[in-house]
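Student: Just passing along the structure, written as C-alpha cells.
Okay, structure coming up:
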C-alpha cells in the first residue's frame, strides 16, 4: 500500500514537472536535464525546478522591464550623432558583429575613445581610486561582489570623501555576491556619508516563491563624471583576502579604462538596472560635452535574463564565424552550449587557430567536471587548450584576428548566457586588441598545454563522471 502511494506520488510529480517544462519553450539540453533530474530524484528535482527551473524575474520586474524597453530605445536613438560611427566603416566580419549588437541592444557603434588595459588588481584599484579622488560631479558603481578588506577599504574611504565634498555617489551591489559586505561596517560608512546603496535582486525565503533566486547581477561597471568608465572581470575584492580557502590561488583579473562617450552609455545601462530594481524612473543625465580623446571605436553590449533570447551567445557565435586567422579565448568557466562548441570546432577545422586558456583549478568542482567533458572534442578538432597554473584566471576576453575584441563580464557558460545581468565591451580597435592579445600571451607563458594523448589516458571512471555532470550542465 505504501509502495503504491509512493509510486503514485512519483508519477504525479514527474508528470506535473514534465507538463510545466513542455508548456514553455526551453533549449533541448535544459529540458532533458530537468526531466532526468526529476526521474532520478523526483522530490529533490521537483523542488529544485520550483526554485530555479525557470527564469522568473517576478511579475513586478517584468512589468518594469516591458515599460522600460521603449524608454531605453528612445534614449539610444537620441545619442548625439557626433558620437556615432557608421558600421559600414568596419571590415565585413566586424560590421556583422556591430549590426547584430545594435539590433539586440539598441546601442550604436561609437567613436572618439581612448582605451587603457589594466592587467593586475592593484593597478586597477589604485587607478579607480585616483579617478574617484578627482571626481567633481558623480561616481556610479555597479559590481557583483563587494568584499571588505585590503585595498577595498581604501576605495570605501575614497567614496566617503567624494560624497562629503558634494559628489553624487551611487553603488549597486548584488545581494548574494556582496552578502559579506552588507554584514560589514563598511556598508554603514557608505550610508552614513549619504551614498545611495542599491541592493540588486535581494535574497530572502519569501522571494523564492515568486522569483528565481540564482538570477544575479554579474556586471562590473564604474563611471566617473560620465566621461571615464571601467569594465572587465574584477570585482570590488582584494585577491589577497578574497576566497583564500578555496584552494585555487589568487584571482587574476583585467579591466579596461575607457575615456569617451561609451562611459556615459555604460552609466545609462547601469541606471536602467537601477530603475528595474527600485521602480524609479529611467532618467540618464544629458550627454556630457566630451572632447574626442582618441580614435577607438567601441560598442557597449548589455545582456540579461529579462530576454528570452540568449543575446550574448548570438554575439559570440557571430564573432567566431567572422574569424579568419585566429581566435583566442580566456574564461574561468567553460561550459559552452552546443552551438558554441560547434562554432569553435568548425573554426579550427577551417584553418583558424583557436586557443582556449582556462585556469587549471576553479572554485566549483561541478563546473570543473562539466568543463572537462568538452575537452576531448576540442583537442581532437585541433584546438589548443592551455591550463593557467598561477591562480584562478578570471579574465573574460576574446580576441578575433587581433583586430576585434570582446571584453567584459561574460563567462563562457550557460549561466552568463541565460541567468546573469552582464555587460561586454566590443572594441573594434587593432591597438587595443593587440594589447589584449599580448596579455593573453602572458597568460600562455604561465600555462601548460593539455595534450590529446595524455588527456585520453585519464581513468574511465573520470570520463563517466564528467559526462554525467555535463548532462546536467544546463542546471549549473
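Numbering (this note's numbering), first residue to last: 3 to 478. Where a beta carbon is used, it is the ideal one built from N, C-alpha and C, also for glycine. Since this is a predicted model, take the numbers as computed values, not measurements.
1) Excluding sequence positions up to five away, which residues of its chain have a Cβ less than 8 Å from the Cβ of residue 86?
2) What is the DSSP secondary structure of residue 131, counted as helix, strand or coil?
3) Kindly identify the DSSP beta-bridge partner or partners of residue 175.
4) Is it true that the segment 135-147 meets the segment 163-176, where meeting means three or more beta-carbon pairs spaced less than 8 Å apart?
5) May I ask you to list the residues that DSSP assigns as paired with residue 117?
6) Starting from the Cα of residue 89, find the closest Cα among 299, 396 and 436 and give me that residue.
7) Just the Cα atoms here: how many angstroms apart are residue 406 and residue 160?
8) Using three-state DSSP, classify residue 358 as helix, strand or coil.
9) Alpha carbons only, please: which of 306, 217 and 126 is nearest the one belonging to residue 236?
10) To the nearest angstrom, report how far apart residue 77 and residue 60 are at their CA atoms.
11) In the DSSP assignment, what are the bridge partners of residue 304?
12) Do residue 250 and residue 394 have their CB atoms nearer than 7 Å?
13) Is residue 410 helix, strand or coil by DSSP?
14) Less than 7 Å between the C-beta atoms of residue 419 and residue 288, yes or no?
15) Should residue 17 be labelled buried (16 or more other beta-carbon atoms within 10 Å of its own) or exposed?
16) On the premise that residue 149 lies in contact with residue 183, defined as a C-beta separation below 8 Å, what is that separation, rounded to the nearest angstrom?
17) Could you tell me the boundaries of the alpha helix (DSSP H) in which residue 109 lies?
18) On the criterion of 16 or more Cβ atoms from any shown chain inside 10 Å, does residue 443 qualify as buried, or is it exposed?
19) Once you ignore the five residues that flank residue 439 on each side, which residues in its own chain have a CB closer than 6 Å to its CB?
20) Are the segment 336-355 and the segment 317-326 touching, with three or more C-beta to C-beta distances below 8 Å?
21) Are three or more beta carbon pairs between the segment 421-431 and the segment 383-397 nearer than 8 Å?
22) Alpha carbon to alpha carbon, how far is residue 155 from residue 188? Give it in angstroms, no decimals.
23) Going by beta carbon distance, what residues of the same chain come within less than 6 Å of residue 238, once the five residues before and after it are set aside?
24) Which partner residues does residue 315 have in the DSSP bridge list?
25) Bridge partners for residue 232 per DSSP, in chain order?
26) Along the alpha helix (DSSP H) that carries residue 159, what are the first and last residues, could you check?
27) Can you check whether the CB of residue 422 is closer than 7 Å to the CB of residue 115?
28) Within a Cβ cutoff of 6 Å, which residues of the same chain sit near residue 415, ignoring the five residues on either side of it in sequence?
29) Ignore the nearest five residues each way along the sequence and tell me which others in residue 446's own chain have a CB closer than 7 Å to its CB.
30) Can you tell me the Cα-Cα spacing of residue 218 and residue 83, whole angstroms?
31) How many Å lie between residue 223 and residue 327 at the Cα?
32) Quick check on this structure: which residue in 434, 151 and 100 has the alpha carbon closest to the alpha carbon of residue 296?
33) Taking the beta carbon of residue 91 as the centre, do at least 16 other beta carbons fall within 10 Å, making it buried, or is it exposed?
34) Does the beta-carbon of residue 340 have 16 or more other beta-carbons within 10 angstroms, so that it is buried, or is it exposed?
35) For the alpha helix (DSSP H) containing residue 438, name the first residue and the last one.
36) Report, in whole angstroms, the separation of the C-beta atoms of residue 375 and residue 471, which I expect to be a contact under 8 Å.
Tutor: Let's see:
1) What you label residue 86 is simply residue 84 of the chain shown in a count that begins at 1. Only 110, 111, 112 and 113 meet the Cβ criterion.
2) Locating residue 131 in the chain shown gives position 129, where the first residue counts as 1. Note: residue 131 maps to helix in three-state DSSP.
3) Along the chain shown, read from residue 1 onward, the residue named residue 175 stands at position 173. In DSSP, residue 175 forms a bridge with 145 and 201.
4) yes
5) Working through the chain shown from its first residue, we reach residue 117 at position 115. DSSP, once it has assigned bridges, lists 260 as partnering residue 117.
6) In the chain shown, the residue the question calls residue 89 occupies position 87. For the residues 299, 396 and 436, the minimum Cα distance to residue 89 belongs to 299.
7) On the chain shown, position 404 is the one that residue 406 refers to. On the chain shown, position 158 is the one that residue 160 refers to. Cα to Cα, residue 406 sits roughly 35 Å from residue 160.
8) Stepping through the chain shown from its first residue, residue 358 is reached at position 356. Residue 358: strand per DSSP, three-state reduction.
9) The residue labelled residue 236 in the question sits at position 234 within the chain shown. Cα-wise, what sits closest to residue 236 is 126.
10) On the chain shown, residue 77 is found 75 positions in, with the first residue counted as 1. On the chain shown, residue 60 is found 58 positions in, with the first residue counted as 1. C-alpha separation (whole angstroms): 25 Å.
11) Position 302 of the chain shown, counted from the first residue, corresponds to residue 304. BP columns for residue 304 point to 425.
12) In the chain shown, the residue the question calls residue 250 occupies position 248. In the chain shown, the residue the question calls residue 394 occupies position 392. Against a cut-off of 7 Å, the Cβ pair of residue 394 and residue 250 comes out as a contact.
13) Position 408 of the chain shown holds residue 410. Residue 410 falls in the strand class under three-state DSSP.
14) As a first step, residue 419 must be located in the chain shown, where it is residue number 417. As a first step, residue 288 must be located in the chain shown, where it is residue number 286. No, the Cβ-Cβ distance between residue 419 and residue 288 is not below 7 Å.
15) Position 15 of the chain shown holds residue 17. Flag for residue 17 reads exposed.
16) By 1-based counting over the chain shown, the position of residue 183 is 181. By 1-based counting over the chain shown, the position of residue 149 is 147. Confirmed, about 6 Å.
17) What you label residue 109 is simply residue 107 of the chain shown in a count that begins at 1. From DSSP, residue 109 is part of no alpha helix (DSSP H); its letter is neither H nor E.
18) Mapped onto the chain shown, residue 443 falls at position 441. Residue 443 comes out exposed.
19) The sequence position of residue 439 within the chain shown is 437, counting from 1. Closer than 6 Å at Cβ, skipping near neighbours: 401 and 404.
20) yes
21) no
22) Taking the chain shown and counting its residues from 1, the one referred to as residue 188 is at position 186. Taking the chain shown and counting its residues from 1, the one referred to as residue 155 is at position 153. Spanning the two alpha carbons is a distance of roughly 8 Å.
23) Here residue 238 refers to the residue found at position 236 when the chain shown is read from its first residue. 145, 148 and 154.
24) Position 313 of the chain shown, counting from 1, holds the residue named residue 315. Answer by DSSP bridge pairing: none, since residue 315 is not bridged.
25) To locate residue 232, count along the chain shown from 1; it is residue 230. In the DSSP output, where bridge partners are listed per residue, residue 232 has 224 and 259.
26) Here residue 159 refers to the residue found at position 157 when the chain shown is read from its first residue. First-last of the alpha helix (DSSP H) with residue 159: 153-166.
27) Within the chain shown, numbered from 1, the residue matching residue 115 stands at position 113. Within the chain shown, numbered from 1, the residue matching residue 422 stands at position 420. In this structure, residue 422 does not lie closer than 7 Å to residue 115 by Cβ.
28) For this step, residue 415 is matched to residue 413 along the chain shown. Closer than 6 Å at the Cβ level, and outside the excluded window around residue 415, lie 335 and 337.
29) Taking the chain shown and counting its residues from 1, the one referred to as residue 446 is at position 444. Here the set comprises 359 and 388.
30) On the chain shown, position 216 is the one that residue 218 refers to. On the chain shown, position 81 is the one that residue 83 refers to. Each residue's alpha carbon lies about 34 Å from the other.
31) Position 221 of the chain shown holds residue 223. Position 325 of the chain shown holds residue 327. For residue 223 and residue 327, the distance between alpha carbons rounds to 32 Å.
32) Within the chain shown, residue 296 is the residue found at index 294, counting from 1. Minimum Cα distance to residue 296 is reached at 434.
33) Translated into the one-based positions of the chain shown, residue 91 becomes position 89. So residue 91 counts as exposed.
34) Counted from its first residue, the chain shown places residue 340 at position 338. Residue 340 comes out exposed.
35) On the chain shown, residue 438 is found 436 positions in, with the first residue counted as 1. Where residue 438 is concerned, the enclosing alpha helix (DSSP H) stretches over 432-447.
36) The count along the chain shown starts at 1 and reaches residue 375 at position 373. The count along the chain shown starts at 1 and reaches residue 471 at position 469. That pair is a contact at about 7 Å.
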